[in-house]
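Chemist:
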Amino acid sequence: VADEKDLFEKIFATYAQSEASSTAADIVQRRVLANLQDSVRAPAAAADHVPVALATERLSGREQGVAERKTVEALAPTLEYIDQMTTREAVVGFTRRVLEGCVAGVAQRRDFHLHKAKGETSKAFLTRHARLSRQVRAQSEASPGAPVLNAFTVPVLFNHVLRAVAARLHDGALALSLFNRVKTDLRLYSVVCNQATYNEMLKVHWVFFGKRSLCEIELLVVEMQNNGFAGDGQTFVVLLKILAAYHAMKAGRSSFSPGGLPVWAHEDDKRVRNLAAKLQVLGKLLERERLLATADRSARCSRHALGPA
Numbered sequence: 063v064a065d066e067k068d069l070f071e072k073i074f075a076t077y078a079q080s081e082a083s084s085t086a087a088d089i090v091q092r093r094v095l096a097n098l099q100d101s102v103r104a105p106a107a108a109a110d111h112v113p114v115a116l117a118t119e120r121l122s123g124r125e126q127g128v129a130e131r132k133t134v135e136a137l138a139p140t141l142e143y144i145d146q147m148t149t150r151e152a153v154v155g156f157t158r159r160v161l162e163g164c165v166a167g168v169a170q171r172r173d174f175h176l177h178k179a180k181g182e183t184s185k186a187f188l189t190r191h192a193r194l195s196r197q198v199r200a201q202s203e204a205s206p207g208a209p210v211l212n213a214f215t216v217p218v219l220f221n222h223v224l225r226a227v228a229a230r231l232h233d234g235a236l237a238l239s240l241f242n243r244v245k246t247d248l249r250l251y252s253v254v255c256n257q258a259t260y261n262e263m264l265k266v267h268w269v270f271f272g273k274r275s276l277c278e279i280e281l282l283v284v285e286m287q288n289n290g291f292a293g294d295g296q297t298f299v300v301l302l303k304i305l306a307a308y309h310a311m312k313a314g315r316s317s318f319s320p321g322g323l324p325v326w327a328h329e330d331d332k333r334v335r336n337l338a339a340k341l342q343v344l345g346k347l348l349e350r351e352r353l354l355a356t357a358d359r360s361a362r363c364s365r366h367a368l369g370p371a
């Protein structure tokens with residue numbers, strides 16, 4: 063207790079010092095901080111002079127949704143080609159070609175990413191994407207096994223492979239291996255994985271590995287959020303089903319509970335509480351997005367009803 067009291071008094075004395083007692087080291091630190099702030103301002107000021115054609119903007123949720131839907135439609139022949147694969151070797155071989163082509167595209171092709179230019183309207187961007195989708199469709203029809211690879215098509219292809227491996231080939235370990243393979247290369251990871259990828263992997267962990275994967279599921283949710291994906295409606299449904307299944311096992315009312323015995327652990331309870339808290343936050347976010355989308359639709363309908371001024 064005496065040691066703790068002494069430590070507390072030292073900490074209190076440190077923070078109770080007045081500004082007048084600043085040492086030479088404090089002055090040096092302030093100068094370093096000022097220089098750092100100046101160095102940060104310089105690139106920011108220079109960025110104001112970047113040509114508009116080189117600046118980009120983030121896609122809105124609506125633009126992302128339209129782009130993904132059009133890409134899926136354009137890749138229909140290739141997705142059907144994947145569905146016709148009957149062996150793991152065929153799926154792995156196709157996936158390897160896609161990932162190798164993705165790495166080459168990121169490194170060598172300037173048109174691999176389709177950015178929204180600074181100030182570009184949503185209509186103009188979607189028109190450019192529609193033109194790209196027609197090229198993707200033509201290539202997919204001509205050669206289903208060698209589709210166009212870009213930042214829009216690769217995530218769709220990879221997520222379809224994950225679904226095929228898990229749902230049709232019933233190989234959760236292979237799906238997990240493919241996901242981990244992507245994570246070994248930052249270029250692949252930044253292009254291939256999107257919200258749908260994390261949703262698929264959450265399902266894979268629970269369906270194939272069950273309660274023992276609760277730690278991995280929690281880590282995957284954290285990884286997803288750290289990479290900028292807050293979750294969507296599908297994420298909410300998957301997490302809700304995982305929590306419901308766990309509570310059924312804990313109550314002994316699950317097919318995984320032999321003889322009605324409860325199956326649970328204190329560590330599992332901790333994971334489930336953390337996931338429940340994240341689920342609650344996601345639910346509030348989705349509700350806010352729903353309200354904003356409703357307000358946006360109402361505003362567009364009002365403008366359409368009023369017509370041109």
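Residue numbers are given in the numbering used here: position 107 of the sequence shown equals residue 169, and the series is strictly consecutive. Heads up, the beta-carbon is just placed ideally off N, CA and C, and yes, glycines get one too. Keep in mind it's a predicted model, so treat the numbers as computed, not measured.
Gly293 and Leu344 look like a contact to me (Cβ under 8 Å); what is the Cβ gap, rounded to whole Å?
Modeler: 5 Å
Chemist: Is the beta carbon of Pro206 sitting closer than 9 Å to the one on Tyr143?
Modeler: yes
Chemist: Give me the Cβ distance between Thr140 and Leu219, rounded to the nearest whole Å; I'm assuming they're in contact under 8 Å.
Modeler: 7 Å
Chemist: How many whole angstroms separate the CB atoms of Leu176 and Ala213, which I take to be in contact at a CB cut-off of 8 Å?
Modeler: 7 Å
Chemist: Return yes when the Cβ of Glu119 is within less than 9 Å of the Cβ of Leu188, no when it is not.
Modeler: no
Chemist: By the 10 Å Cβ neighbour count, where 16 or more other Cβ atoms means buried, how is Leu354 classified, buried or exposed?
Modeler: Exposed is the call here.
Chemist: Which term fits Leu238, buried or exposed, when burial requires 16 or more other beta carbons within 10 angstroms of its beta carbon?
Modeler: buried
Chemist: Closest to Gln342 by CA distance: which of Leu302, Arg150, Ser360 and Val198 is it?
Modeler: Leu302
Chemist: Hey, which unbroken runs of the alpha helix (DSSP H) at 4 residues or more fall wholly within the segment 286-353?
Modeler: 295-312
Chemist: Classify Ser317 as buried or exposed, calling it buried when 16 or more other Cβ atoms lie within 10 Å of its own Cβ.
Modeler: So Ser317 ends up on the exposed side.
Chemist: Report the CB separation of Gln287 from Asn261 in whole angstroms; it is logged as a contact under 8 Å.
Modeler: At roughly 13 Å, the Cβ-Cβ gap does not stay under 8 Å, so Gln287 and Asn261 are not in contact.
Chemist: Mapping the DSSP letters down to three states, classify Ala104 as helix, strand or coil.
Modeler: No answer about Ala104 holds up, because its pLDDT of 44 lies below 50 and its placement is not dependable.
Chemist: Buried or exposed for Ser184, going by 16 or more other Cβ atoms inside 10 Å?
Modeler: Exposed.
Chemist: Give the DSSP-derived three-state secondary structure of Ala179 in the structure shown.
Modeler: strand
Chemist: Which residues does DSSP list as the beta-bridge partners of Gln119?
Modeler: Strictly speaking, residue 119 in this sequence is Glu, with Gln absent from that position. In DSSP, Glu119 forms a bridge with Lys178.
Chemist: In its own chain, which residues sit with a C-beta less than 6 Å from the C-beta of Tyr308, not counting the 5 before and 5 after it?
Modeler: Val334
Chemist: How many whole angstroms separate the CB atoms of Val198 and Thr133, which I take to be in contact at a CB cut-off of 8 Å?
Modeler: With a Cβ gap of about 7 Å, Val198 and Thr133 count as contacting.
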